[in-house]
Amino acid sequence: MQTVMSIAIDALAYGMVLFVISIGLSVTMGLMRVVNLAHGAFAMIGGYLASYAARDLGLGYAAGVLVAIIGTVIIAVPIERFLYRRIYGAPELTQVLMTIGITFCVIGITNFAFGPTLKTIPLPPSLQGSLDLGFRSIATHRIFAIASGLVVAALLWFLIEKTAFGIKIRAAVDNAAMTAALGVRTEIVYAVSFAVAIGLAALGGVLGAELLPVEPYYALRYMVTFLVVVSVGGAGSIPGALIASLLLGAIDTTGRYLAPEYGEFFFYLAVILIVTLFPRGLAGRLK
Amino acid sequence: MAVPMAHQPKPTLSIGKRFTDNGLLGVLAILIIGLLGYFLVPNNLALLTQIVAIALLVLSIDLVTGYCGVATLGHAALFGAGAYAAGIAAAHFGVTEPLTMTLIGLVGGALAGLVSGLVILRAHGLAQLVLSIAVIHLFHEAANKASGWTGGSDGLSAIMPDPIFGMFEFDLWGRTAYVYALLLLAVVFVALRLLVRSPFGMLARGVREDPIRIAAMGASAHSVVLRMYVISGAVAGIGGALSAISTQVVGLDSLSFTLSAEALVMLVLGGVGSLYGALIGTVVFMLFEDTLSAANPFHWLTIVGALLIAVVLFAPKGLYGTGLAVAGRLKRRPS
Amino acid sequence: MKKLFTIALAFAAMSSAAWAETIKVGVVGPFSGPFALQGKNFKAGIDAWFALNGNKVGGNDIQIVYRDVPQADPARSKALAQELVVREGVQYLAGFYFTPDAMAATALLQQANVPMVVMNAATSAIVAASPQVLRTSFTTWQTTTPIAKVAKDQGVTKVITLVSDYGPGIDAETAFKTAFAKEGGQVVESVRMPLSTNDFAPLMQRIKDSGAQGLFTFLPSGPPTLAFVKAFNDNGLKAAGVKFYATGDLTQESDLPALGEAGLGLQTTFHYAVSHDSPENKAFVAAAEKAIGNPAELSFPAVGAFDGMYVISKMIEATGGKQDAKKAVEAVKGLSWISPRGPVTIDAESRHITENIYLREVAKDANGKYYNKEIQTFEKQGDPGLAFVKK
Chain A
1 MQTVMSIAID ALAYGMVLFV ISIGLSVTMG LMRVVNLAHG AFAMIGGYLA SYAARDLGLG
61 YAAGVLVAII GTVIIAVPIE RFLYRRIYGA PELTQVLMTI GITFCVIGIT NFAFGPTLKT
121 IPLPPSLQGS LDLGFRSIAT HRIFAIASGL VVAALLWFLI EKTAFGIKIR AAVDNAAMTA
181 ALGVRTEIVY AVSFAVAIGL AALGGVLGAE LLPVEPYYAL RYMVTFLVVV SVGGAGSIPG
241 ALIASLLLGA IDTTGRYLAP EYGEFFFYLA VILIVTLFPR GLAGRLK
Chain B
1 MAVPMAHQPK PTLSIGKRFT DNGLLGVLAI LIIGLLGYFL VPNNLALLTQ IVAIALLVLS
61 IDLVTGYCGV ATLGHAALFG AGAYAAGIAA AHFGVTEPLT MTLIGLVGGA LAGLVSGLVI
121 LRAHGLAQLV LSIAVIHLFH EAANKASGWT GGSDGLSAIM PDPIFGMFEF DLWGRTAYVY
181 ALLLLAVVFV ALRLLVRSPF GMLARGVRED PIRIAAMGAS AHSVVLRMYV ISGAVAGIGG
241 ALSAISTQVV GLDSLSFTLS AEALVMLVLG GVGSLYGALI GTVVFMLFED TLSAANPFHW
301 LTIVGALLIA VVLFAPKGLY GTGLAVAGRL KRRPS
Chain C
1 MKKLFTIALA FAAMSSAAWA ETIKVGVVGP FSGPFALQGK NFKAGIDAWF ALNGNKVGGN
61 DIQIVYRDVP QADPARSKAL AQELVVREGV QYLAGFYFTP DAMAATALLQ QANVPMVVMN
121 AATSAIVAAS PQVLRTSFTT WQTTTPIAKV AKDQGVTKVI TLVSDYGPGI DAETAFKTAF
181 AKEGGQVVES VRMPLSTNDF APLMQRIKDS GAQGLFTFLP SGPPTLAFVK AFNDNGLKAA
241 GVKFYATGDL TQESDLPALG EAGLGLQTTF HYAVSHDSPE NKAFVAAAEK AIGNPAELSF
301 PAVGAFDGMY VISKMIEATG GKQDAKKAVE AVKGLSWISP RGPVTIDAES RHITENIYLR
361 EVAKDANGKY YNKEIQTFEK QGDPGLAFVK K
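Residue numbers (UniProt numbering), protein chains in the order written: chain A, 1 to 287; chain B, 1 to 335; chain C, 1 to 391.
Put into structure tokens, the structure is as follows:
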């Protein structure tokens, strides 16, 4: 029983980290219909900025998170303006080519500017160490990640479902031309959604850094994981992404505990099964 | 995935045009450019052979992506299956005759095509992409686990192909391998040219454009695409076998997500939905990568990235597609 | 057609003859991609050697030609090695971070009349693949075997092994099991973890359940290392007194700043620590740090490359700059010298390097910098793995 509880906690913690990192991608892919393979690159930029601010400038963790989110969005604005705007509505393969190109560039530049070593984001004392649950201990930063994940999910859900801006987003997704005709500035809606997605990517990069350390190849290394989470959940769906993250976290964690040598098989067979059963994702908004 | 066909035969054809459309010009071009390569860079034939092997993989992706509209990031599974089939036949069963090895690779690739087709075709769009990713990881992991057969992460070496027809040995300069590769490519190209213009090829194209209408016509879209997947597997398998024969080693990278993604990038770069596009994309990407990475082994990735972005911005239909469009516009302009 | 072959041949021969006074060395390694750091270390080691010894040996200039294989990719490695030999006309092949890459290139050596100096790839069998292969790094068996003794000496009799599920990991597992059984210890459980593992928490639970007093692990350097050690600490295993044993790959100097406090006290066995206290090493580190730019990035592949250059220079001396692989290899068999890592010898039979293996502990110096502190020396260790190679 203890073991089961213990695995459940690990699964929850891992799943929430997956959620925080992937949710931004779900927004770009579901709401903006861009297969954004550069998502990991933006998460990585966030991680580097946070590391630079918190470690090299000594500004502290909270400031690091802020710098990461704001800085990454600022970096992303010209990229959105000059590159992404060219591929909205383009065939998926063209989007893949463009975003892979951006990813390569970001990797190359990061490698050149920061060097290939791992970068860490020093945690504040309150998040260091672990919490004793009686039958096991769990790292405090994981609890923090779980809490942040829940807050992010709630805020996003509120933004999209309950605010005027959310209505505009959903309208633009369903029919951009019609929405524009009704007087909504769709390019601004897109730009803001993009900024939100990038901000979420950066946040995810920082919060997940304890598990997925920041280094130049980060941008590609975890791309597949993010893609899988988003598509299993259904692109664009906040609850879908949440359920998918938790489910995949549980499958991965259980598999790695019970039969680590076959963990990979376990995980991908499960993905095939889920995707075949729910081809539009667990809670797909698309079509 | 609605990439318009770059190349539509017109009802009235001049003789020159008809010549082009039979694909003979293509074969001639392959052979001429190939031989030019032979004499221009006689001391880097290993690279050229590798380009041909990858070109076969890219052609094979084009069959399912360009002609049937299937999104896949797991096509190296078919290439790797061919490579391992040929390699295992040689290393464990002593089948070292190159033509036989190529055939074994073809069969291996076709089987892998059948298996991955059965899985991947169960979904569409993004879900399909994820299925293909799952498939390539399962293949990769299976090969890693079966290290007794595949050599695992250390790679399968000890592949010693016989001389072709007992006469042409595989030498240090890679001449035999290259000539063999060129001939293979020419044969495959002709076969594919016939295939994509056959009624079956047209049907496949129809499936991409409008699967519902094809179903209404009484054809099964699923079975068409699945058959194309098997054919595509055979082509990729030949490429894999060629790689195994020419390098005499097979590594896990031949079954990797990285290779799948890179090959797809080459295809999109050249232009989806045309055999020429696939060839041009492969040659340009690989030569570019090789030159850059030799010139600056440390920071070439950035420039490759910039190239991809530039292509999307300035040649959105791929190098071949956009090239054709530009040529067409020039022709139409009154002189 | 045959005539054209001959012309092409003659042309190529001429182009290499024209460069006769410059001896080219082809170095294949990961200079971009996820292992770029290791390739950078190759280059730093080679540059350091040039800085200390100049780039002339007996009147011949040495020129390095770098080729990039970002990830293990034997086909590409072989194609590049072939290109280096045929087009660039290199007289020596060197580098090779990954075993499959080295293995693939060995097939060329005899026909190309080129010796190969492996500067990293650590699977025992490589030197057996061709009589023209030399190695100046280490093997996984060589660095793993002593840690089994360390564990036994510290009173640990039950160990669980966790290794990454790929060639080198399995190598390390077998080596540890063999050595630990010899010491009279017991490996209670062996777990192989997929390379793509991000979250190690469930495995920590496995360790707890196994009741082992200590764990032995092998992971590729980089992100997994960091995540593994953090999981070990965060899940209370460190606090519970479970002993942690690994080879020095895990505490590579370039990873230490990222590991930080979490790494303190980790004990590993390895052939080289940047902190090694000797005049040879001081000179080497000074030159290599300058070459790599950021001193924090310097670690073990650099010393393999540095010593590889030493061996190559000796081969050039012995052959007077003429291309003669057999003579070159013969000349350095049994060669002994003082490397930055300590006294070393190229074993005449295996052509692999015999060296000291050190037990080190991660410590913090007065400036707050983390380093591997050598605390015990196992002298003149050969490669026990070669005896284990089948066939």
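Backbone N, C-alpha and C define an ideal beta-carbon position, used for all residues, glycine too.
As the structure is a computational prediction, the values presented were derived from the model and not from experiment.
Chain-order list of residues whose beta-carbon lies under 6 Å from that of residue i (same chain, five-residue window excluded)
{"i": "residue 208(B)", "result": "68 and 69"}
{"i": "residue 104(B)", "result": "85, 86 and 89"}
{"i": "residue 248(B)", "result": "159"}
{"i": "residue 232(B)", "result": "60, 63, 64 and 113"}
{"i": "residue 106(B)", "result": "234, 237 and 238"}
Beta carbon proximity, residue i to chain C, threshold 8 Å
{"i": "residue 56(A)", "result": "no"}
{"i": "residue 115(A)", "result": "yes"}
{"i": "residue 52(A)", "result": "no"}
{"i": "residue 36(A)", "result": "no"}
{"i": "residue 225(B)", "result": "no"}
{"i": "residue 253(B)", "result": "yes"}
{"i": "residue 263(A)", "result": "yes"}
{"i": "residue 174(B)", "result": "yes"}
{"i": "residue 330(B)", "result": "no"}
Same chain, Cβ closer than 7 Å to residue i, neighbours up to 5 away in sequence not counted
{"i": "residue 7(A)", "result": "253, 254 and 257"}
{"i": "residue 193(A)", "result": "27, 31, 32 and 169"}
{"i": "residue 110(C)", "result": "130 and 132"}
Helix, strand or coil at residue i [DSSP, three-state]
{"i": "residue 209(B)", "result": "helix"}
{"i": "residue 364(C)", "result": "strand"}
{"i": "residue 29(A)", "result": "helix"}
{"i": "residue 349(C)", "result": "coil"}
{"i": "residue 1(A)", "result": "coil"}
{"i": "residue 83(C)", "result": "helix"}
{"i": "residue 165(A)", "result": "helix"}
{"i": "residue 97(C)", "result": "coil"}
Local Cβ density within 10 Å of residue i, reported as buried at 16 or more and exposed below that
{"i": "residue 372(C)", "result": "buried"}
{"i": "residue 381(C)", "result": "buried"}
{"i": "residue 241(C)", "result": "exposed"}
{"i": "residue 245(A)", "result": "buried"}
{"i": "residue 38(C)", "result": "buried"}
{"i": "residue 203(B)", "result": "buried"}
{"i": "residue 173(B)", "result": "buried"}
8 Å Cβ cutoff, residue i in contact with chain B
{"i": "residue 235(A)", "result": "yes"}
{"i": "residue 71(C)", "result": "yes"}
{"i": "residue 67(C)", "result": "yes"}
{"i": "residue 82(C)", "result": "yes"}
{"i": "residue 103(C)", "result": "yes"}
{"i": "residue 86(A)", "result": "yes"}
{"i": "residue 272(A)", "result": "yes"}
{"i": "residue 123(C)", "result": "yes"}
is_contact[residue i, chain A] using C-beta, thresh 8 Å
{"i": "residue 207(B)", "result": "no"}
{"i": "residue 141(B)", "result": "yes"}
{"i": "residue 259(B)", "result": "no"}
{"i": "residue 75(B)", "result": "no"}
Close-in-space but distant-in-sequence residues of the same chain around residue i (CB under 8 Å, 5 per side omitted)
{"i": "residue 185(C)", "result": "148, 151, 152, 156, 157, 158 and 159"}
### Message
Could you check whether the stretch 87-104 of chain B touches the stretch 214-221 of chain B, counting it as contact only if at least three pairs of C-beta atoms, one from each stretch, sit closer than 8 Å?
### Response
no
### Message
For the pair the stretch 290-301 of chain C and the stretch 254-266 of chain C, tell me if three or more CB-CB distances fall below 8 Å.
### Response
The stretch 290-301 of chain C vs the stretch 254-266 of chain C: in contact.
### Message
Using 8 Å as the cut-off, can you tell me whether the stretch 31-39 of chain C makes contact with the stretch 76-92 of chain C, which would need three or more C-beta pairs spanning the two stretches below that distance?
### Response
no
### Query
Do the stretch 263-271 of chain C and the stretch 351-360 of chain C make contact, defined as three or more Cβ pairs closer than 8 Å?
Segments in contact, yes.
#### Entry: At least three beta-carbon pairs within less than 8 Å, the stretch 179-191 of chain B to the stretch 22-36 of chain B
Pairwise C-beta distances place the stretch 179-191 of chain B in contact with the stretch 22-36 of chain B, as three or more of them are shorter than 8 Å.
### Given 8 Å, three or more beta-carbon pairs between the stretch 45-57 of chain C and the stretch 280-292 of chain C
yes
### Message
For the structure I just gave you, are there three or more beta carbon pairs, one from the stretch 193-211 of chain C and one from the stretch 141-151 of chain C, closer than 8 Å?
### Response
no
### Query
Three or more beta-carbon pairs under 8 Å between the stretch 214-234 of chain A and the stretch 42-53 of chain A, yes or no?
yes
### At least 3 beta-carbon pairs within less than 8 Å: the stretch 271-284 of chain B vs the stretch 80-90 of chain A
Three or more Cβ pairs closer than 8 Å define a contact, and the stretch 271-284 of chain B falls short of that threshold against the stretch 80-90 of chain A.
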